[in-house]
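One structure is given below, encoded as structure tokens.
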Amino acid sequence: MGRDLQVAVLLCFGMACATASLGQAASPKNNEVVIKNAIVMTATHGNIKNGSIYIKDGKIAAVGENVNAPAGATVIDAGGKYVTPGIVDSHSHIALDDDVNEATSPITPQMMMKDAFDYQDKAIYRALAGGVTTSLLLHGSANMIGGQAIVIKHKYGLGRDELLLPNAPRSIKFASGENPKRVYGSRDQLPSTRMGNFAVQREALVQARDYMREWDAYNEKVKRGDKDATAPKRDLKMEALADILRGKLMVQIHCYRADEFLTEIAMAKEFGYKIRAFHHALEAYKVPEALAAENIGIATFADWWGYKQEAWDAIPWNAVLAMRKGVKVAIKSDSEDYTRRLNQEAAKTIRYGGATEEEALKMITLNAAWIVGVDDRVGSIDVGKDADLVIWDGYPLSTYGLPEKVLIDGEVYFDRSLPGLGTTHYREGQ
């Protein structure tokens with residue numbers, strides 16, 4: 206039997222057993238749920254020992270040592286175990302198959318990662334089993350300006366559109382440095398140098414500015430009642446670039462080196478857009494003040510280094526050094542493997558740099574959610590936020606922490622105690 210078939214059989218068996226014996230775990234999200242007898246790690250206002258969380262209609266309705274909930278609410282007894290917000294992966298390429306890069310042109314902002322999204326990818330499940338409830342799925346780094354990202358919740362087993370986070374802010378992927386140089390330089394094509402990288406990016410933004418002016422002039426003529434006004438030709442590529450300049454797309458930039466951070470910041474000021482975060486950002490510790498001054502976050506590795514020239518000056522203290530200077534820091538995966546244990550990656554910042562427990566937790570919850578633009582909805586255990594929660598068997602910020610149950614919008618989507626692979630919503634062939 207092939208591996209994929211074995212996994213499908215186990216998933217189906219797990220779902221059947223869950224339906225038969227643990228109906229509470231797969232209860233509808235509109236049911237009221239109370240998690241009690243937990244050490245609640247809120248990520249915003251410390252830990253609550255022997256705490257409870259009341260969930261109503263998929264939202265956190267109350268949290269504290271004592272909460273008021275109706276007698277008919279489903280009760281999950283955490284048994285004194287830890288509960289954290291669901292983990293947010295602020296840089297992922299899972300579920301995009303081999304379509305992560307449109308490497309035919311260095312400027313492709315009209316590409317939509319939604320069009321490549323494979324909602325059945327088992328990496329979504331594996332991340333869920335590691336406590337990840339939300340991920341930002343980005344275009345790759347072949348292009349100076351790549352495609353537009355999507356934000357998903359790891360509701361493995363549901364239909365494609367049910368995994369997409371409704372009304373999530375739009376993000377677009379930029380990339381500078383070695384990757385665009387390598388991709389196009391190997392073809393003797395522009396850009397093949399860092400100079401070429403930024404020349405291509407600047408030229409695209411100039412064209413977008415001119416495109417906007419043409420449309421502004423046309424719209425002004427229409428307002429004045431000019432019936433002879435001719436509309437410019439619509440161009441999807443220019444529309445996407447114009448949305449960057451209009452502030453409608455959050456700019457997420459793959460960038461490693463300190464000098465390139467400064468160049469990207471200067472270009473953003475020149476054209477009037479804001480950078481949301483630098484991704485990878487292994488030299489952020491060299492210029493943290495410059496990033497903090499512009500309210501630019503970083504989504505970085507805990508201790509990856511040396512895998513290419515841009516990564517030679519990486520240090521494991523980078524995250525905490527940048528954080529201490531006012532930079533909003535997230536630890537992300539960029540890996541189908543690392544996404545399964547982001548809790549351990551965050552824990553490394555306690556060892557390297559002395560991050561506090563809450564600071565480390567924020568790096569994979571609230572700070573990551575801010576980079577994605579959804580911190581008003583997920584990333585902490587606060588009233589009004591989505592009930593995306595993880596109950597841990599073991600201390601979360603250690604190698605002993607294993608997700609026991611994972612809830613998204615108040616529903617259990619993973620339960621390690623179930624037969625098979627712990628899924629509650631997967632059905633074979635869906």
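Under this note's numbering, the first residue of the sequence shown is numbered 206, with each subsequent residue one higher. The C-beta atom is built at its ideal place from N, Cα and C for all residues, glycine as well.
- One Cα belongs to residue 329, the other to residue 515, and the distance between them is close to 29 Å.
- Residue 609 and residue 395 have their C-alpha atoms roughly 50 Å apart.
- In this structure, residue 503 sits away from residue 525, with a CB-CB distance that is not shorter than 9 Å.
- Taking residue 617 as reference, the option from 393, 362, 491 and 357 with the minimal CA-CA separation is 362.
- For residue 404, the CB contacts under 8 Å within the same chain, skipping 5 residues up- and downstream, are 395 and 396 in chain order.
- Sorting 381, 426, 449 and 431 by C-alpha distance to the C-alpha of residue 411 places 449 at the top.
- Per DSSP, the continuous alpha helix (DSSP H) segment holding residue 571 begins and ends at 571-577.
- Residue 311 sits buried, since 16 or more C-beta atoms from the chains shown fall within 10 Å of its C-beta.
- Counting along the chain, residue 443 sits inside the alpha helix (DSSP H) bounded by residues 441-450.
- With respect to residue 602, residue 290 sits apart: the two C-beta atoms are not nearer than 9 Å.
- Counting only runs that start and end inside the region 351-393, the beta strand (DSSP E) elements of at least 3 residues fall at 355-358 and 376-380.
- If you compare the alpha carbons of 429, 345 and 237 with that of residue 304, the shortest gap goes to 345.
- CA-CA distance, residue 543 to residue 605, rounds to 16 Å.
- Between residue 293 and residue 364, the alpha-carbon positions lie close to 21 Å from each other.
- Cβ atoms of residue 507 and residue 550 come within 8 Å of each other, at about 4 Å.
- For the pair residue 389 and residue 400, the Cα-to-Cα distance works out to about 13 Å.
- Residue 336 and residue 447 have their alpha carbons spaced roughly 37 Å apart.
- Put simply, of 495, 477 and 535 the residue whose alpha carbon is nearest the alpha carbon of residue 576 is 535.
- Each residue's CA atom was taken as its position, placing residue 441 and residue 313 some 10 Å apart.
- Residue pairing by DSSP puts residue 341 in a beta bridge opposite 356.
- By the Cβ criterion, the region 243-259 is in contact with the region 267-276, since at least three pairs of Cβ atoms, one from each stretch, lie closer than 8 Å.
- Under the three-state reduction of DSSP, residue 255 is assigned to strand.
- The continuous beta strand (DSSP E) containing residue 282 extends over residues 279-282.
- With distances taken between CA atoms, residue 327 lies nearest to 360 out of 360, 437, 474 and 418.
- In the three-state reduction of the DSSP assignment, residue 620 falls in the strand class, which pools E and B.
- Between residue 574 and residue 295, the CB-CB gap stays under 9 Å.
- Judged by beta-carbon spacing, residue 596 lies beyond the 9 Å limit of residue 338, meaning their Cβ atoms are not closer than that value.
- For residue 472, no beta strand (DSSP E) encloses it; the enclosing alpha helix (DSSP H) starts and ends at 463-476.
- Selection 347, 355 and 372 evaluated against residue 381 yields 347 as nearest (Cα-Cα).
- Here residue 588 is exposed, its C-beta having fewer than 16 other C-beta atoms within 10 Å.
- In the three-state reduction of the DSSP assignment, residue 269 falls in the strand class, which pools E and B.
- The DSSP-derived three-state label of residue 608 is strand.
- Note: residue 317 is bridge-paired with 353 in the DSSP secondary-structure output.
- DSSP places residue 529 in the helix class (H, G or I) of the three-state scheme.
- Here the alpha carbons of residue 350 and residue 402 stand approximately 10 Å from one another.
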